[in-house]
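J.: This is the structure I have questions about; it appears just below.
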Amino acid sequence: MVALGIVIDRKCNIRCGHCCFSSTPQAEEHLTDEQILRIVKEGCETPAIDTISLSGGEALLRKPLVLEVLRVAKSYGKAATLVTNGFWGQNKKRAEETLFELKEAGLCALKISFDDFHQDLLKVEKVKNILDANLSVRVPIAINVAVSKNFSSDRILAALGESLMGVKVIKFPIQRVGAAEQYPEESIIRRHRIEDNLTCPGFEPTYHYDGKVYPCCSPTVFTTGLTFGKAEDLPVERAVSSIERNLLFAAIRQKGFKWLFERCIEERVLDISYIDRSYVDACEMCQILFSNPHTLKAVVSIVSNEYTSISK
């Protein structure tokens, strides 16, 4: 089954130095309520879609819309998830009321973005209030933690104390996209090599506030030419079908990035230095191959020739 991602807008109540979207309180890029509800309804009517995933910016700045999306998903028997920074956890009472409201509307899982990069803008107490309030509401919660070589977030996670018990913590290295593009190169965690033969961790149609539809939810992909069409007129079912039938994505799934990079080097699309580099993850490899139109065109040709020769 497949999740349908919707990045509803770029607006956020805070401005984080590592934000992959360079979100700010003044940002205006967004999908309209009408567009989002149409996309959600189409997603719910698409058999392959089992989950509606909402994010921003800060999605709960448009709380009435979020609640309506959750209700629609619930009415179709679909799961719905949400990413938030937890700004609404000013006190335990409000946190409990918001959690209950979200759960009643149909929320199945909540991810809270919380790390050293958020700490100066959103205090530990807000996240702690949400976690404590959730003891009675019981929405599955995970904490998303962006890390670098300089910032592990261990200190602020420890500050959550007993409130963190039973809560899943997901640590991931920051990518140099958005505001983090200015982040020092030497601080980026790169643990992977071409020899690891990474494959894409998953494909899911993602409708983005920039008006385009992408094949996955990774922020690095939003900097590439991997788009299927416009959010305003591409039906969800067609987006799912396009991903399933795409030869390029089949190659990434089946052959992995090692094969793609080696073929690109053989064809002089990339220089040999890429063999010896270290990478953040498969998403960064994807960005390297597909953010440059010339490289993207060359890779498409390589993949097309490979599958044509196999079919003969």
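Under the working numbering, the final residue of the sequence shown carries the number 347; numbering is consecutive throughout. Where is the CB? At the ideal position from N, CA and C, for every residue including glycine. Just so you know, these numbers come straight off a predicted model, no measurement behind them.
(1) With residue 117 as the anchor, note down where its beta strand (DSSP E) starts and where it stops.
(2) Measure the beta-carbon distance from residue 141 to residue 109 and round it to whole angstroms, keeping in mind my assumption that it falls under 8 angstroms.
(3) Alpha carbon to alpha carbon, what distance is there between residue 164 and residue 295?
(4) When the cut-off is 7 angstroms and only beta carbons count, does residue 323 lie next to chain B?
(5) Alpha carbon to alpha carbon, how far is residue 98 from residue 346? Give it in angstroms, no decimals.
(6) Which whole-angstrom value describes the C-beta separation of residue 291 and residue 233, a residue pair presumed to lie in contact below a C-beta threshold of 8 angstroms?
(7) Consult DSSP for residue 179 and reduce its assignment to one of helix, strand or coil.
(8) Please state whether the Cβ-Cβ distance between residue 162 and residue 152 is less than 7 angstroms.
(9) Alpha helix (DSSP H) containing residue 202: first to last residue?
(10) May I ask you to verify whether the stretch 186-205 touches the stretch 223-241, counting CB pairs closer than 8 angstroms and requiring at least 3?
(11) What is the DSSP secondary structure of residue 347, reduced to helix, strand or coil?
(12) Give me the Cβ distance between residue 47 and residue 60, rounded to the nearest whole Å; I'm assuming they're in contact under 8 angstroms.
(13) Rounded to whole angstroms, what's the CA-CA distance from residue 243 to residue 297? Just pull it up for me.
(14) For residue 146 and residue 320, I'd like the C-alpha separation in whole angstroms.
(15) So which of 67, 204, 38, 105 has the shortest CA-CA distance to residue 245?
(16) Using only CA atoms, which one of 222, 198, 175 lies nearest to residue 181?
(17) Specify whether the stretch 115-125 and the stretch 78-96 touch according to this definition: at least 3 beta carbon pairs, one from each stretch, less than 8 angstroms apart.
(18) What are the start and end residues of each continuous alpha helix (DSSP H) run of 4 or more residues lying completely inside the stretch 294-344, in chain order?
(19) Considering only C-alpha positions, which residue in the set 62, 183, 231 is nearest to residue 215?
(20) On the criterion of 16 or more Cβ atoms from any shown chain inside 10 Å, does residue 113 qualify as buried, or is it exposed?
(21) Do residue 130 and residue 175 have their C-beta atoms closer together than 7 angstroms?
T.: Let's see:
(1) 114-119
(2) 3 angstroms
(3) 47 angstroms
(4) Structure shown: chain B not included; a single protein chain is present.
(5) Confidence is the limiting factor: at residue 346 the pLDDT is only 47, short of 50, which leaves the residue's position unreliable, though a coordinate-based value still follows. The straight-line gap separating the alpha-carbon atoms of residue 346 and residue 98 is approximately 51 angstroms.
(6) 6 angstroms
(7) strand
(8) no
(9) Unbroken run through residue 202: none, as it is neither H nor E.
(10) no
(11) A caution first: residue 347 carries a pLDDT of 45, below 50, which makes its placement in the model unreliable, though a value can still be read off. Residue state, collapsed to three classes: coil.
(12) 7 angstroms
(13) 31 angstroms
(14) 26 angstroms
(15) The shortest C-alpha separation from residue 245 is found at 67.
(16) Taking only the C-alpha atoms, the option nearest residue 181 is 222.
(17) yes
(18) 308-311, 317-325
(19) Sorting 62, 183, 231 by C-alpha distance to the C-alpha of residue 215 places 183 at the top.
(20) buried
(21) Taking C-beta atoms as the reference points, residue 130 and residue 175 fail to come closer than 7 angstroms.
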